[in-house]
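Residue numbers (the numbering used here): 4 to 123.
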């Protein structure tokens, strides 16, 4: 048996990018920056996220640059022009606020990123 789950919390570095397939489906691509700081240094890690189905629709509709999200998904590696690319295929995206919202989101009681207790 094997299992993989990745959880990333961070800020959208740019507005979501929507691509529509010939069959009518769509993928919404997100770019998330996760910052890590320590005494004497810092590091930024970038994650490319692919969302499909209803998740893709909601991300395109409600998220914008600067939005704070928690994404759960699995790593996917693809090869194009002899180069390997890794992205996170999202199966759950939680909206935590921030950014210039395109439309108002349904109200929820999600905590802000500053107040959330992340179990790692």
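Note that the Cβ used here is the ideal one computed from N, Cα and C, for glycine as well. The model shown is predicted, which means the values in this text are computed figures rather than measured ones.
In the structure shown, the three-state DSSP call for residue 8 is coil. Taken atom to atom, the span from the alpha-carbon of residue 25 to that of residue 41 is near 47 Å. In the DSSP assignment, residue 93 falls within the beta strand (DSSP E) that extends over 86-100. Shortest Cα-Cα distance from residue 38 to any of 56, 14, 18 involves 14.
CA-CA distance, residue 94 to residue 32, rounds to 13 Å.
Judged by DSSP secondary structure, residue 57 falls within the alpha helix (DSSP H) whose first and last residues are 56-65. Only residues of its own chain outside the window of five on either side were considered, and among them 13, 14, 16, 47, 49 have a CB closer than 7 Å to the CB of residue 36, listed in chain order. Residue 6 sits exposed, since fewer than 16 C-beta atoms from the chains shown fall within 10 Å of its C-beta.
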